[in-house]
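Participant: Below are the structure tokens for one structure; questions will follow.
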């Protein structure tokens, strides 16, 4: 049986807060890079670059951000896994995160790198933005409930 009282983040006063800060910053990096591509797909002139060029330029940064965000997220989750998992907002956030990652690394990347009509690009960008905003606001909502 898992004993959360021995968890490093529960034992050291500063560790939980520092982990949350890293979690939020890495989410901002990952989602920020993805948003740049989404803005370009929506038709905004971002840095005078094509969506394919932006996708290539930000791919490593967004992946690192996601990996760090997921790692720190699971670290926070481990501080009280029963409470986190039993909360419907957290389960919704995790399910949405899974969908967003699959969407981002399949459809989103393909459309960003391809020559698709503006209507398809806008739909893909809108879905992407909606997914990532939902994840962020689910986390905020969980924090205040």
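Residue numbers (this note's numbering): 116 to 260. The beta-carbon is built from N, C-alpha and C at its ideal position, and this holds for glycine as well.
Closer than 8 Å is the cut-off here; do at least three beta carbon pairs connect the stretch 150-167 with the stretch 226-238?
Facilitator: Flag = yes, the stretch 150-167 and the stretch 226-238 touch.
Participant: Taking all protein chains shown into account, decide if residue 127 is buried (16 or more other Cβ within 10 angstroms of its Cβ) or exposed.
Facilitator: Burial call: exposed.
Participant: Should residue 129 go down as buried or exposed, given a rule of 16 or more other Cβ atoms within 10 Å for buried?
Facilitator: So residue 129 counts as exposed.
Participant: Whose CA, out of 194, 140, 157, 190, lies closest to the CA of residue 251?
Facilitator: It is 140.
Participant: I believe residue 183 touches residue 135 by the beta-carbon criterion, under 8 Å. Please report the beta-carbon distance rounded to the nearest angstrom.
Facilitator: Actually they are not in contact, since the Cβ atoms of residue 183 and residue 135 sit about 13 Å apart, beyond 8 Å.
Participant: Identify, in the order they occur along the chain, each residue of the same chain with its Cβ nearer than 8 Å to the Cβ of residue 172, setting aside the five sequence neighbours on each side.
Facilitator: Around residue 172: 164.
Participant: Give the DSSP-derived three-state secondary structure of residue 153 in the structure shown.
Facilitator: Three-state DSSP puts residue 153 in a helix.
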